[in-house]
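Single-structure report; data block below.
Residue numbers (the working numbering): 23 to 166.
Structural data, given as structure tokens:
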């Protein structure tokens, strides 16, 4: 399915269970990350009670919002999932989340804290696994 037809399909279907849970975990109303919720989402992925692709896709949507707080909470949730769920890391690359993180970094309106968090995550993931280093987005972000 092309990305355009996927987006059209997504528009008409509305939010799925994963989207709703991600929205709850990254709610604008939260002052700080809800660690219990974040770890519960990891547990749901690990026990296949939720689709990891849909969850990562939901996080990606939240990273793309204009709200600095939601962006930060989404980055923290993404980091938590990658650290605690084997499946999540491959989904990050497959769902082109890194591309959105680079857009966030490059956007002059992104707050410094979120830009730094996104850079730190990309760098840490690239250093921890060779899976990421082959991706052009990693190389472009970390040209030395």
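Just so you know, even glycine gets a beta-carbon here, dropped at the ideal spot from N, CA and C.
By a beta-carbon distance limit of 8 angstroms, residue 126 does not contact residue 48. Their separation comes to about 14 angstroms. Residue 88 and residue 124 have their alpha carbons spaced roughly 15 angstroms apart. Residue 82: member of the alpha helix (DSSP H) spanning 74-85, first to last residue.
DSSP places residue 56 in the coil class of the three-state scheme, outside both helix and strand. When the five nearest sequence neighbours on each side are left out, the beta carbons in the same chain lying within less than 6 angstroms of the beta carbon of residue 41 are those of 80, in order along the chain.
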